[in-house]
Each structure stands twice: as C-alpha cells, then as structure tokens.
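Just below is one structure, and these are the notes that go with it.
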Amino acid sequence: MEKYIYLFLIALCVFLEQTSIICLPLFLFLVGIICAIAAIRVFIFRKYNLFLLFYKGSSENGSVEIIVQFASMLVYLFALSFIAIGSWLYLH
43 MEKYIYLFLI ALCVFLEQTS IICLPLFLFL VGIICAIAAI RVFIFRKYNL
93 FLLFYKGSSE NGSVEIIVQF ASMLVYLFAL SFIAIGSWLY LH
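Numbering of the sequence shown is given in the working numbering, commencing with residue 43 and proceeding in unit increments.
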C-alpha cells in the first residue's frame, strides 16, 4: 500500500508540473524529497516491498536484498541531486 502512495505523490507532482501549477525547481525538489524518504525507508527499515513489484515475503538467498539495498542507495543519491539541483535553480 505504501509504494502506491509514493507513486501517487510522484504522479501528482508530474501532473502539477505539466499543468504549470508548480515550477521545475519546485518539482525537482519535491520529487527528490519523496524519493529520499522512500529510499531511506528501504535502507533503514528493510521495507523491500517498496522497490520490488512481486515480493515473496522471505527470500532464501541474500542476493535480492543486496540488490534492493544497492538500488535504494542509488535512488537516494539521485534524490539528493534532485534536491540540490532544484534548490540551486530556485535560488538563481
């Protein structure tokens, strides 16, 4: 359920940006915050179902968990760059 809320928030941000209700810097900033929250929840609280479409509950091998942890760190780095670029564009 939680991943659908994050997807809805990102879709809402895209809709608001496409209809020119919010500007591009604010869009980048909001999407960065939403992605950072999702990545932190995966990395710290081990909520792997946020990144996996089909989650089995318990996996025997640790490779799935390592891949999801790596993906969450990449999403977190992209989120930080979105926040930085959005802030920089908003201030200039």
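Glycine included, C-beta positions come from ideal geometry on N, C-alpha and C.
Checklist entry - Got a sec? Which residues, its chain only, sit under 8 Å from Tyr118 by beta carbon, not counting five neighbours each side? => result Cys77, Ala78, Ala81, Ile82, Phe85
Checklist entry - In three-state DSSP terms, what is Ile108? => result helix
Next on the checklist: Measuring CB atoms only, is the region 103-110 touching the region 53-71, in the sense that at least three cross pairs come out at less than 8 Å?
Outcome noted: Counting Cβ pairs under 8 Å, fewer than three are found: no touch.
Checklist entry - Do you know offhand how far His134's Cα is from Ala121's? => result 20 Å
Item to check | Between the CA atoms of Ala126 and Asn91 - distance to the nearest angstrom | outcome: So the two alpha carbons sit approximately 28 Å from each other.
Checklist entry - Does the Cβ of Val73 have 16 or more other Cβ atoms within 10 Å, making it buried, or fewer, making it exposed? => result buried
Checklist entry - DSSP three-state call for Cys65: helix, strand or coil? => result coil
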